[in-house]
Amino acid sequence: MIPELGHFALALACVLALAQAVLPIVGAARRDPRWMGTAAPLAFGQLIAVGVAFGALLWAFAVNDTTVSNVVANSHSAKPLIYKFSGSWGNHEGSMVLWVLILSLCGAAVAAFGRDLPTALKARVIGVLGWVALGFLGFVIFTSNPFDRVWPPPADGRGLNPVLQDPGLAMHPPMLYLGYVGYAVTFAFAVAALLEGRVDAAWGRWVRPWALAAWCFLTLGIALGSWWAYYELGWGGYWFWDPVENSSLLPWLAGTALLHSAIVVEKRDALKIWTVLLALLAFTLSLLGTFLVRSGVLNSVHAFANDPTRGTVILVLLMVYVAGSFALFAWRAPKLAPTGIFAPISREGALVLNNLLLCSIAAVVLAGTLWPMFADILTGAKISVGPPFFNTATAPLAIPLVVAMPIGAMLPWKRGDVWAALQRLWWAAAAALVVGFLFLAALGYPVWPALGMAMAAWLIVGAAADIVDRIALFRRPAQAWQRARGLPRAAWGAALAHAGLGVTIAGIAGMGVATDTLVALKAGESTRLAGYEWRMEGLSDVTGPNFTARRATVTVLQDGQVVTVLTPERRTFQVDRQTTTEAAIHTNAMRDLYAVLGEERDGAGVLRLHHNPLAPWIWFGAVIMALGGGLSLSDRRMRVAAPAPKAATVPA
Amino acid sequence: MTRKKRRLMVLLLAGLGLGTATALTLTAFQDNLVFFLSPSDAMANRPPADRAFRLGGLVESGSIERTTGSDGRPSATFRVTDGPTSISVTYSGVLPDLFREGQGVVTLGRLLPDGSFRATEVLARHDETYMPPEVADALRRAGHWNPAQGAAPPAETWNTAPRQREGRSGG
Numbered sequence: 001m002i003p004e005l006g007h008f009a010l011a012l013a014c015v016l017a018l019a020q021a022v023l024p025i026v027g028a029a030r031r032d033p034r035w036m037g038t039a040a041p042l043a044f045g046q047l048i049a050v051g052v053a054f055g056a057l058l059w060a061f062a063v064n065d066t067t068v069s070n071v072v073a074n075s076h077s078a079k080p081l082i083y084k085f086s087g088s089w090g091n092h093e094g095s096m097v098l099w100v101l102i103l104s105l106c107g108a109a110v111a112a113f114g115r116d117l118p119t120a121l122k123a124r125v126i127g128v129l130g131w132v133a134l135g136f137l138g139f140v141i142f143t144s145n146p147f148d149r150v151w152p153p154p155a156d157g158r159g160l161n162p163v164l165q166d167p168g169l170a171m172h173p174p175m176l177y178l179g180y181v182g183y184a185v186t187f188a189f190a191v192a193a194l195l196e197g198r199v200d201a202a203w204g205r206w207v208r209p210w211a212l213a214a215w216c217f218l219t220l221g222i223a224l225g226s227w228w229a230y231y232e233l234g235w236g237g238y239w240f241w242d243p244v245e246n247s248s249l250l251p252w253l254a255g256t257a258l259l260h261s262a263i264v265v266e267k268r269d270a271l272k273i274w275t276v277l278l279a280l281l282a283f284t285l286s287l288l289g290t291f292l293v294r295s296g297v298l299n300s301v302h303a304f305a306n307d308p309t310r311g312t313v314i315l316v317l318l319m320v321y322v323a324g325s326f327a328l329f330a331w332r333a334p335k336l337a338p339t340g341i342f343a344p345i346s347r348e349g350a351l352v353l354n355n356l357l358l359c360s361i362a363a364v365v366l367a368g369t370l371w372p373m374f375a376d377i378l379t380g381a382k383i384s385v386g387p388p389f390f391n392t393a394t395a396p397l398a399i400p401l402v403v404a405m406p407i408g409a410m411l412p413w414k415r416g417d418v419w420a421a422l423q424r425l426w427w428a429a430a431a432a433l434v435v436g437f438l439f440l441a442a443l444g445y446p447v448w449p450a451l452g453m454a455m456a457a458w459l460i461v462g463a464a465a466d467i468v469d470r471i472a473l474f475r476r477p478a479q480a481w482q483r484a485r486g487l488p489r490a491a492w493g494a495a496l497a498h499a500g501l502g503v504t505i506a507g508i509a510g511m512g513v514a515t516d517t518l519v520a521l522k523a524g525e526s527t528r529l530a531g532y533e534w535r536m537e538g539l540s541d542v543t544g545p546n547f548t549a550r551r552a553t554v555t556v557l558q559d560g561q562v563v564t565v566l567t568p569e570r571r572t573f574q575v576d577r578q579t580t581t582e583a584a585i586h587t588n589a590m591r592d593l594y595a596v597l598g599e600e601r602d603g604a605g606v607l608r609l610h611h612n613p614l615a616p617w618i619w620f621g622a623v624i625m626a627l628g629g630g631l632s633l634s635d636r637r638m639r640v641a642a643p644a645p646k647a648a649t650v651p652a
Numbered sequence: 001m002t003r004k005k006r007r008l009m010v011l012l013l014a015g016l017g018l019g020t021a022t023a024l025t026l027t028a029f030q031d032n033l034v035f036f037l038s039p040s041d042a043m044a045n046r047p048p049a050d051r052a053f054r055l056g057g058l059v060e061s062g063s064i065e066r067t068t069g070s071d072g073r074p075s076a077t078f079r080v081t082d083g084p085t086s087i088s089v090t091y092s093g094v095l096p097d098l099f100r101e102g103q104g105v106v107t108l109g110r111l112l113p114d115g116s117f118r119a120t121e122v123l124a125r126h127d128e129t130y131m132p133p134e135v136a137d138a139l140r141r142a143g144h145w146n147p148a149q150g151a152a153p154p155a156e157t158w159n160t161a162p163r164q165r166e167g168r169s170g171g
């Protein structure tokens, strides 16, 4: 009964989406306030309907309703409850329902918080979101209904893929989708602006919080995915340039560019056409990501569902949205004449450079990701494009981007002076040089990791220099605290996010000097790696809630002192008839000790041991970036409804 | 700066960015494209030893030998076959959980002058019934298996199995 209710709610949501797609937009075109007024109630209604559907799905998973084929395929009664829930979005159908749920949540948020939006713009934005929801709800209902019944019901489900039974991955899809879907909102704003033929600073002020929020979630989602790959797949790496990973990186790159160009629209009323184009691109790339993950057109280590019909439908949806929005863009964009004028060397100019480089990186990644598909279609050659390609092709673009970041943040609007900015950054440059040489000469790092360290120092110290300069810490130390309090949170957020990227780059550079070894050890034998002694204590059998495992106990010693005891496992899941490796990791924030158990031969366990310097910094930096974004988002200037801050803060 | 000049500047910059991206992509493609070859392809083409490629096929039955490399690292030697040809592969590392005889496998590495293959990566997915599509294609080209007719025959029969008539795929 409950699954039918869910199915019905989905159908209802689909009808509501149709109404939401038509009524407000027609109303806005006719300037009919009653028609435009339907936008908000429809958006709320849709949220309720999709919410009911998602609740029904969660319920079916929670009670392990084996008459629902989706539950049978992806769940099992012996699973812990959290993985029953995460199993509901850990599969194709359920994840699409989650996608639509987040979309309707965003639509309702626009309706609820957009009281100060011009009525016509608001109606159009919600209308465009209705179009997006309509496409995806139709897709869910007609090609991937999560509430399909099976009869007779099997005794129990087949279980969730064991590598997905993990807290990090339970949170990964919701985060990623919040990011993807956030770009649906900026897309809706862009299309609404094209329909209206008007982009102004107010539009920029509305788009920026959405772009920022989406960016924060996407950053966290990508970091979670990468972290999961690091500790769960047990390969010792954190980024494999896999098509699925790339498909989440692409909207991130476009979204980062959008985030920065929206500032120019808001502050300087320039770069309008470009920003609209970026908003369209960011969502296009999000859809492309969805398409790549789901269609199975690209061979990936963690492809989702390999169903060509679904892929075709998503491809058609993608073409409709992309062709429609870009045709609209070609038709209406000339109306959006820029007004703000700036010199090439200025904050605006630096942001243009940022956009240029980010988009070039995105183009390179896109080419590398899609090329195997085209090569297969055109020549039949089976090609893969691996990490060496992406590393060599993106590094020459990423390095100037990083070098320009602190300088751009220092330049004033309209017209700037690179030399003056550099003078204020001299100690960041000095720090970068010192750090680079220190790692190169004293610690014996190879060139690339040392360069990475130098760039990390440049970013982190550069962000600090920016703040120090703004609060005039050294020039007028007496008022520094007051100025720091008066500094807009957006400035703090930007500095924090830039420094966060520096931390991530430091982590990546640290991984550049990671060492590993492969040994077969019997109980009592030991080996040395990176100054640590790793002693195999023995192998044992353990039983988990829904698996049995072979576990190696490895004691790690340094100078005779026990550092930690690692227990890597090979788990066998009976229900799924699968085996997974469970890496054991010990971290002290400066390095990870990482052990993986392989096969056993003659009583000895084959161990792969890694020493990964600074590895946790990669994800830590991403969290700092997202925090910076969140801080910026809490700036009162972002809350359009908030009254302007008083001219002077009240002194104590 | 006039509007015209500015527009020219922006266009120039965009052109520069796009040009750089294209140039980078093309040069990186030239050196880093990794081709997939079946054992028959690899023996026919003999890629140079400095060129990495992916070799895929079935793990020949009874061919897995666990050895210890000259550097003391535990390694494994096995033969990858597509029917007519098989190549000996040496891999030093942890084999994937589902690596076993008769299973489809894709390895990344280089062909040594003696005709053996040194793998740096062995890919097998976390799924017992999974057949990498390239491997399925290689087997079909070797004329031994039509994927439309069900699962692959056991690997031990490969070198002796009669070639199937090239069936229409789909069906």
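Going down the list, the sequences are from chains A and B. Residues 1 to 652 in full-length UniProt numbering are what the first sequence spells out, letter by letter. Residues 1 to 171 in full-length UniProt numbering are what the second sequence spells out, letter by letter. Cβ atoms here follow ideal geometry from the backbone N, Cα and C, with glycine treated the same way. Because the structure is a prediction, the values reported are computed rather than measured.
Where the alpha helix (DSSP H) through residue i begins and ends
i: D376 (chain A); result: 347-379
i: residue 658 (chain A); result: With chain A represented from 1 up to 652, any question about residue 658 (chain A) goes unanswered, as that position is not in the structure.
i: M96 (chain A); result: 92-113
i: V191 (chain A); result: 167-196
i: L249 (chain A); result: 243-268
i: T564 (chain A); result: No alpha helix (DSSP H) contains T564 (chain A), which is instead part of the beta strand (DSSP E) from 561-566.
Buried or exposed (CB count within 10 angstroms, at least 16 for buried), residue i
i: D559 (chain A); result: exposed
i: W376 (chain A); result: Reading the sequence as shown, one finds Asp at residue 376 (chain A) and not Trp. Flag for D376 (chain A) reads buried.
i: H302 (chain A); result: Confidence at H302 (chain A) is low in this model, with a pLDDT of 45, below 50, so the placement of that residue is unreliable and no value is reported for it.
i: A40 (chain B); result: What sits at residue 40 (chain B) in the sequence shown is Ser, not Ala. The residue is buried, with at least 16 neighbouring Cβ atoms inside 10 Å.
i: S300 (chain A); result: Summary for S300 (chain A): the model assigns pLDDT 49, below 50, so the residue's position carries little reliability, and this model does not support an answer.
i: H126 (chain B); result: Because the pLDDT of H126 (chain B) is 48, which lies under 50, any placement of that residue in the model is unreliable, and the number read from its coordinates should be weighed accordingly. Answer is buried; the Cβ neighbour count reaches 16.
i: D114 (chain B); result: exposed
i: P372 (chain A); result: buried
i: G19 (chain B); result: exposed
i: V276 (chain A); result: buried
i: E166 (chain B); result: Here the model assigns E166 (chain B) a pLDDT of 37, short of 50, so the residue's position is not dependable, and the following value carries that caveat. Its Cβ having fewer than 16 others within 10 Å, E166 (chain B) is exposed.
i: E4 (chain A); result: exposed
i: I407 (chain A); result: buried
Amino acids of chain B, ordered along the chain, whose beta-carbon sits closer than 9 Å to that of residue i
i: residue 653 (chain A); result: The structure shown does not extend to residue 653 (chain A), since chain A spans only 1 to 652, so no value can be given for it.
i: K382 (chain A); result: F35, F36, L37, R54, G56, P133, E134, D137, A138
i: L529 (chain A); result: By Cβ distance, chain B contributes nothing, its closest Cβ being about 12 Å from L529 (chain A), past 9 Å.
i: F255 (chain A); result: The identity of residue 255 (chain A) in the sequence shown is Gly, whereas the question assumes Phe. Those within 9 Å of G255 (chain A) in chain B number zero; the least Cβ separation is about 18 Å.
Proximal chain B residues relative to residue i, where beta-carbon distance stays under 7 Å
i: A344 (chain A); result: The question names Ala, but residue 344 (chain A) is Pro in the sequence shown. Under the 7 Å cutoff, chain B gives M9.
i: S69 (chain A); result: Near S69 (chain A) there are no residues of chain B at all, since even the closest Cβ is about 19 Å away, more than 7 Å.
i: V596 (chain A); result: V94
i: E599 (chain A); result: L95
i: L356 (chain A); result: L13, A14, G17
Closer than 8 Å at the beta carbon, the chain B residues around residue i
i: L176 (chain A); result: Within 8 Å Cβ-Cβ: nothing; L176 (chain A) doesn't reach chain B, min ~21 Å.
i: V352 (chain A); result: V10, L13
Element boundaries [beta strand (DSSP E), containing residue i]
i: G104 (chain B); result: 104-111
i: Q46 (chain A); result: That residue, Q46 (chain A), is in no beta strand (DSSP E); its alpha helix (DSSP H) goes 39-62.
i: A119 (chain B); result: 117-123
i: H586 (chain A); result: 584-587
i: F53 (chain B); result: 53-59
i: H611 (chain A); result: 604-613
i: Y594 (chain A); result: 591-601
Contact list for residue i against chain A, beta-carbon separation under 7 Å
i: L98 (chain B); result: T579
Contact list for residue i against chain A, beta-carbon separation under 9 Å
i: S42 (chain B); result: Strictly speaking, residue 42 (chain B) in this sequence is Ala, with Ser absent from that position. Correct list: empty, because the minimum Cβ distance to chain A is about 13 Å.
i: A49 (chain B); result: Within 9 Å Cβ-Cβ: nothing; A49 (chain B) doesn't reach chain A, min ~17 Å.
Within chain A, the residues that residue i reaches when beta carbons sit closer than 8 Å
i: T20 (chain B); result: S360, P396, L397
Inter-stretch contact (C-beta, 8 Å, three-pair minimum) for the stretch 309-318 of chain A and the stretch 143-155 of chain A: yes
Could you tell me which uninterrupted beta strand (DSSP E) segments, each at least 3 residues in length, are contained entirely in the stretch 470-527 of chain A, listed from first to last along the chain? 515-521
Are the stretch 602-611 of chain A and the stretch 622-632 of chain A touching by the rule of at least three beta carbon pairs closer than 8 Å? no
Any contact between the stretch 213-229 of chain A and the stretch 253-270 of chain A? By contact I mean 3 or more CB pairs, one from each, below 8 Å. yes
I'd like to know if the stretch 49-57 of chain B and the stretch 101-112 of chain B are in contact, where contact means that at least 3 CB-CB pairs between them fall below 8 Å. yes
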